[in-house]
Structure formats: C-alpha cells, structure tokens
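Under our numbering, the first residue of the sequence shown is numbered 5, with each subsequent residue one higher. What follows is a single structure, written as structure tokens, with notes after it.
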Amino acid sequence: MKAKLYLLVSLLVAALVFAAQAGPTYASVSAADCYAAGTGGIPVLTSLDFDYTCSAAQTVYFGVCDSGGVPNDDLFDVRASGLLVSYNYYPNGTDEYTVMSQFQASAGVNTAVMNSLNAAPAIPATYSYVVSSDPNDVPTYLSAYCGTDWKGIGPGPNVSCDTNINIFTTDTAPSDGTLEFHVLLGNEASFGDEISVAAISVAAGEQLNNVTIPSVPSPRYMRLWWQPAGSSDWSLLTTQYWHGGGSLADEFGVSCNVSGPQPSYHTSFASAVPESQVCFDLMNGCQ
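The following block contains the structure:
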C-alpha cells in the first residue's frame, strides 16, 4: 500500500512540475478588444504561437517579459507577421524592462510568435506576454506577472544620455513655414506617434546653418519635418541617417557616443518627401 501511495504522489508531483513548465496560464483581466495574455514556461531557444482576436482592424500593443522566480535570466521577443513588436532587456544585474510597440492587426483571429532568445541558466524559459488594443493593458499585466525585478516599459538598452544635434540645410526655405525636429524609437506608425522635441519658425529665403537642438534623448532615430505656412501638410526633410537604405545603425542618427563627435542633420528643403510616402516602421526595416 505504501509503495502504491508513493507512486501516486510521485506521478502527481511530476504532472504538476510538467504543467508549471510547459503549460501557459491564460489571464483575462481586460475588456479591451484584441486582448490576450499568458504566463508559463517553454524549453529554452524554442517558440510559442499565441492567438488574439480583434472585432475590427486596428492598432494593438505588445509586451513580453521574464516571469520566473530567477530574476534577469530569460530573454524573449515577440513578432507579428514576422515584424518585431516587443522584447525584454536588462540594463544591469537587477532590473528588467520591456520594449512595447504597436502593430496594425486585422479583424478576426491573429497570431503572434514569442521566441526564447537565450539558453538561460534556469530551465525552462519562463515568460509572460500580453497584447491589447489598449496600451495601458501592457504594463498593467506585466507588472502583475513579471516579478519585482521588472521596472516597467523602457525605450531599449543603453538609453542613458542626452546630446545636442546641429541642423544644416544646403538651400533656403521656399516660403515661410515651420520645422519640427522629432525623435522616435523606430516602431511608430505615423507622424503623430513621433515625439516633437523642438519647433523652428523659418522665413522665406532663410537657410539653417548650425542650428542647435539641445538635450535630444539618445539613442534615437531623428527626423526633421517641414510645413509651409498656410498648409496642413507635413513633409520629411531627408538626411543621410534614414532615407534610401543602409543599416538600422546608420539610420539611428542620435547616439550615446560621448567619446566622439555627435551626428549632425544635413538636409535640404528640395529633398522634402510628403508624409504619405514616408516609411515609419524603421525598427523592422520598413517592411
């Protein structure tokens, strides 16, 4: 009898361990459309597909983190239709952050893929993921499941400095108007998603020569937009840091390179590209 009881207890323990490591726990804590979330464990360096359902085509937001009892050991990313939409990172030995970005989801059932990125010392790779049409759902869910080492939504690794950017134009303004200097993380979906750092009023015939934009957060992509007086349309004044190819590092522009010269923004009014023709998803190479 004791042998049978011991066998039964052993089987129950084994089943519980397997469930904790392999089976995701799904949570429904939001009434927002497209909402899906899960916590669990997968073998390291493997992937997990998860579905989310939207009543209509719309923007959704993703987040992922290491949720296990061992802090700062598991790295993940999430991809939707092959595009990078979230990942976690550790800027030091005690803190974890998540990069949250957005995606244009279709109506109906959508599928995203979460990938384990490292052979962590603690097995399995323990995760929490969330997707929702409400961006507030992402930090709400992750803060509940990611552990005390999770510190929130972050802009990405190595973001710890500010820098000054100098602007030059090779020609003069064709009319009175406004220039706006923007910074972005590279996963924005539109002009309105970018962060405006400075606005400059320009007179017809004026040329910019070493105009300084101070305290720009780094590293970031940077963009200079032009709006003629009396117009509601914006156009991008292109620079060597983004338009027409090159690597993401080339496109980034603003860096934390404190030991060397910072990049400057060289452009022309003649290079203006209408907003409707501008690619925004630099994080994914504008696919």
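Cβ coordinates follow ideal geometry from the N, Cα and C atoms, glycine included.
- Note that the segment 167-184 does not touch the segment 148-158; fewer than 3 beta-carbon pairs, one per stretch, sit closer than 8 Å.
- Residue environment for Ile199: exposed (fewer than 16 other C-beta atoms within 10 angstroms of its C-beta).
- Judged by their CB atoms, Ser132 and Cys69 are nearer to each other than the 8 Å cut-off.
- Note that the C-beta distance between Cys58 and Ala116 is not below 8 Å.
- Remark: C-beta atoms of Phe273 and Leu241 approach each other more closely than 8 Å.
- Take Asn76, set aside five residues on each side of it, and the residues of its chain with a beta-carbon closer than 8 Å to its own are Asp70, Tyr94, Gly97, Thr98, Asp99, Glu100, Asp153, in chain order.
- Here Val103 carries a strand assignment [DSSP, helix/strand/coil].
- Here Thr50 is exposed: its Cβ has fewer than 16 other Cβ atoms, across all protein chains shown, within 10 Å.
- Across the set Ser179, Phe107, Ser136, the C-alpha of Phe107 shows the shortest separation from the C-alpha of Gly86.
- Scanning its chain for C-beta atoms nearer than 6 Å, with the 5 sequence neighbours on each side dropped, one finds around Val142 the residues Tyr65, Gly67, Met104, Val134, in chain order.
- In this structure, the beta-carbon distance from Leu183 to Val206 falls below 8 Å.
- Ranking Met118, Gly72, Ala109 by CA distance to the CA of Tyr91 puts Met118 first.
- Here the alpha carbon of Tyr56 sits roughly 11 Å from the alpha carbon of Gly42.
- Taking each of Asn168, Asn214, Thr102, Ala60 in turn and checking the Cα distance to Leu79, the smallest one comes out for Thr102.
- Counting C-beta atoms within 10 angstroms of its own C-beta, Ser194 has fewer than 16 neighbours from the protein chains shown and is therefore classed as exposed.
- Nearest Cα to Trp230 within the set Ser268, Thr167, His270, Pro278: Pro278.
- Note on geometry: alpha-carbon atoms of Val74 and Phe54 lie some 24 Å from one another.
- The C-beta of Pro232 has 16 or more other C-beta atoms within 10 Å across all chains shown, which makes the residue buried.
- Only residues of its own chain outside the window of five on either side were considered, and among them Val74, Asp77 have a CB closer than 8 Å to the CB of Pro125, listed in chain order.
- Tyr145: member of the alpha helix (DSSP H) spanning 141-149, first to last residue.
- Shown here for Leu212: same chain residues with a beta carbon closer than 7 Å to its own, the five before and five after excluded, namely Ile171, Phe172, Thr173 in chain order.
- Bridge pairing for Trp154: Glu100 [DSSP].
- Its Cα nearest to that of Thr176, the residue Thr271 stands out among Thr271, Asn140, Ser280.
- In this model, Glu192 and Phe185 are separated by some 15 Å (Cα to Cα).
- Scanning its chain for C-beta atoms nearer than 8 Å, with the 5 sequence neighbours on each side dropped, one finds around Ser239 the residues Trp229, Trp230, Gln231, Ala276, Val277, Pro278, Glu279, in chain order.
- CA-to-CA, the gap between Pro139 and Gly209 works out to about 43 Å.
- The shortest CA-to-CA distance from Leu52 to any of Pro178, Thr243, Arg83, Thr144 is the one to Arg83.
- Residue environment: Gly44 is assigned as buried (16 or more neighbouring CB atoms within 10 Å of its CB, all protein chains considered).
- In the same chain as Ala129, and ignoring 5 residues on each side of it, the C-beta atoms closer than 6 Å to its own belong to Ile46, Val48, Asp78, Ser120, in chain order.
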